[in-house]
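In terms of the working numbering, the sequence shown is residues 195 to 543.
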Amino acid sequence: MPRSWVEGWLVTLEDHKPQRLTDDNSFKPLIDNEMALEEIMKAIKGAKSYIYLTQFQFRPDFLAKPYVSPEGVNGSSLAETLIAASKQGVKVRILINQNLLIPDDYDEIAEIFKDTEVVVRPFDAQGPHAMHAKILMVDGKEAFIIGSPFTQDYWDTVKHFLHDLRRGSKDKQPVHDVSIQINGGAATYIEEYFVELWNYLSTTKYVGKDKLVAHAEPVPAGKQALQVVRSITPQTILKNGEKGVLEMYRRAISNAEDFIYMENQYFTNPYIVKAIKAALENNEDLQLILVINGNPDVPTYRFYQHHRLKKIGLDLDGPLLEHPRIGVYNLWGLEEKKTSYFAAFLRSQ
């Protein structure tokens with residue numbers, strides 16, 4: 195077995211060399227969704243040729259730039275901004291996850307775009323696998339990997355006010371998320387991903403209609419090396435799927451020397467937990483810092499998360515901060531408590 199398959203930080207997908215790696219990029223982290231959506235709207239309005247978008251959820255009434263007025267909450271609708279771009283001759287293609295049993299947004303968003311030049315397609319969930327990718331590609335040059343779905347309750351600012359009508363209701367809790375804006379060679383691989391998904395549907399559901407050709411060409415934008423990794427559902431665009439994201443996590447964890455900082459919506463994946471447990475056991479100086487939801491919004495995930503935390507060596511009946519090498523936090527709480535994990539952690543996003 196080649197060493198590169200199992201050693202080093204770079205994902206190889208069981209090949210002899212790193213996959214989808216470029217060194218001519220610039221990127222910008224977009225902290226929280228007010229900042230991310232500001233840049234996304236700017237890119238859409240500046241589009242000249244085409245816009246490709248995938249989303250897990252996309253509400254028709256989603257306001258990307260909401261503001262509060264005496265009449266209520268108003269603002270710029272993302273759907274209307276995309277329609278306006280299409281009226282200027284920009285080709286707009288959208289993929290939306292479609293669940294098998296759980297209600298989703300596809301029918302409603304398709305209705306909004308029905309009499310426009312915007313083309314939206316559903317990507318059917320395959321068993322337990324959803325099309326969870328959230329990316330935007332503009333004119334083959336500017337790419338976004340988006341942290342949140344396009345639903346109002348995920349909108350927030352860096353100030354995270356407890357009550358903010360711009361989240362759709364004063365009762366919606368603050369949300370923290372991170373997106374990334376990318377220019378350079380890495381953007382070509384993000385477009386490639388969208389085109390592969392779109393053409394897969396063209397072949398399997400639309401008798402070859404409206405197939406796309408990847409137009410993006412590497413345009414140097416900086417000196418930052420970036421590697422694009424993907425999760426692909428088996429029996430879709432690849433027979434055996436692709437697990438680049440999982441490989442990336444496991445490589446990073448196994449190569450950590452000082453500390454691991456992990457900020458995530460859920461902490462439930464058994465393979466990640468196994469890798470962390472092994473890393474802590476193999477390196478007595480390694481520290482783990484977790485920022486997670488104390489009460490995940492998927493009911494069964496709370497049980498799994500508790501089980502995974504115990505697996506890495508935490509006593510959930512005692513103060514978590516007493517552990518010498520592991521710290522578990524969430525980003526905000528309504529009051530301070532020092533009893534147990536179950537009492538001390540309140541829901542955050």
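Cβ coordinates follow ideal geometry from the N, Cα and C atoms, glycine included.
Beta-bridge pairing of aspartate 318 - partner residues as DSSP gives them = The residue you call residue 318 lines up with position 124 of the sequence shown. For aspartate 318, which the question treats as bridged, DSSP gives the partners Gln292.
Can you tell which of Ala381, Glu478, Pro223, Arg360 has its C-alpha closest to the C-alpha of valine 267?
-> As a position in the sequence shown, residue 267 is number 73, starting the count at 1. Selected option, being the one with the closest Cα: Arg360.
Through-space distance from proline 490 to glutamine 459, alpha-carbon basis = Taking the sequence shown and counting its residues from 1, the one referred to as residue 459 is at position 265. Taking the sequence shown and counting its residues from 1, the one referred to as residue 490 is at position 296. In a straight line, the C-alpha of glutamine 459 is about 7 angstroms away from that of proline 490.
Endpoints, alpha helix (DSSP H) assigned at asparagine 476 | Walking along the sequence shown from the start, residue 476 turns up at place 282. Start and end: 464-476.
Note the first and the last residue of the continuous beta strand (DSSP E) segment covering glutamate 457.
-> Walking along the sequence shown from the start, residue 457 turns up at place 263. Looking at the DSSP string, the run of the beta strand (DSSP E) that includes glutamate 457 is 453-457.
Taking DSSP as the reference, what is the three-state secondary structure of serine 542?
-> On the sequence shown, residue 542 is found 348 positions in, with the first residue counted as 1. Below a pLDDT of 50, predicted positions are generally treated as unreliable, and serine 542, at 34, falls in that range; no measurement from the model is reported.
Let me know the beta strand (DSSP E) ranges lying completely inside the stretch 409-456, each 3 residues or longer, listed in chain order.
-> 418-421
Buried versus exposed, by CB contacts within 10 Å (16 or more), serine 542 | The count along the sequence shown starts at 1 and reaches residue 542 at position 348. Per-residue confidence for serine 542 stands at a pLDDT of 34, beneath the threshold of 50, marking its modelled position as unreliable; the derived number appears in the next sentence. Buried, because 16 or more other Cβ atoms sit within 10 Å of the Cβ of serine 542.
What's the C-alpha gap between serine 270 and threonine 382?
-> What you label residue 270 is simply residue 76 of the sequence shown in a count that begins at 1. What you label residue 382 is simply residue 188 of the sequence shown in a count that begins at 1. Distance between the alpha carbons of serine 270 and threonine 382: 29 angstroms.
Residues of its chain near lysine 298, where Cβ-Cβ distance is below 8 angstroms and the 5 sequence neighbours each way are ignored = Sequence index remark: in the sequence shown, residue 298 carries index 104 (1-based). Rather than lysine, the amino acid found at residue 298 in this sequence is aspartate. So the list reads Gln251, Ile290, Asn291, Gln292, once near-sequence residues are dropped.
Excluding the five sequence neighbours on either side, which residues of its own chain have a C-beta within less than 8 angstroms of the C-beta of leucine 480, listed in chain order?
-> In the sequence shown, residue 480 corresponds to position 286, counting from 1. Closer than 8 angstroms at the Cβ level, and outside the excluded window around leucine 480, lie Ala450, Glu451, Asp452, Phe453, Ile454, Ala473, Leu474, Arg519.
Drop a sphere of 10 angstroms on the beta-carbon of isoleucine 296, count the other beta-carbons inside from all chains shown, and report buried for 16 or more, exposed for fewer.
-> On the sequence shown, position 102 is the one that residue 296 refers to. Its Cβ having fewer than 16 others within 10 Å, isoleucine 296 is exposed.
Measuring alpha carbon to alpha carbon, tell me which of Leu406, Val352, Ile466, Ile374 ends up nearest leucine 482.
-> Here residue 482 refers to the residue found at position 288 when the sequence shown is read from its first residue. The candidate whose alpha carbon is nearest that of leucine 482 is Ile466.
To the nearest angstrom, how far is it from the Cα of asparagine 393 to the Cα of asparagine 477?
-> Here residue 393 refers to the residue found at position 199 when the sequence shown is read from its first residue. Here residue 477 refers to the residue found at position 283 when the sequence shown is read from its first residue. About 46 angstroms.
Determine the direct distance from the alpha carbon of aspartate 347 to that of serine 263, and round the result to whole angstroms.
-> Here residue 263 is taken as the residue at index 69 of the sequence shown, counted from 1. Here residue 347 is taken as the residue at index 153 of the sequence shown, counted from 1. Going from the Cα of serine 263 to the Cα of aspartate 347 covers about 19 angstroms.
Between aspartate 217 and valine 369, what straight-line distance do the alpha-carbon atoms span, to the nearest angstrom?
-> Residue mapping note: residue 217 aligns to position 23 of the sequence shown, counting from 1. Residue mapping note: residue 369 aligns to position 175 of the sequence shown, counting from 1. Here the alpha carbon of aspartate 217 sits roughly 33 angstroms from the alpha carbon of valine 369.
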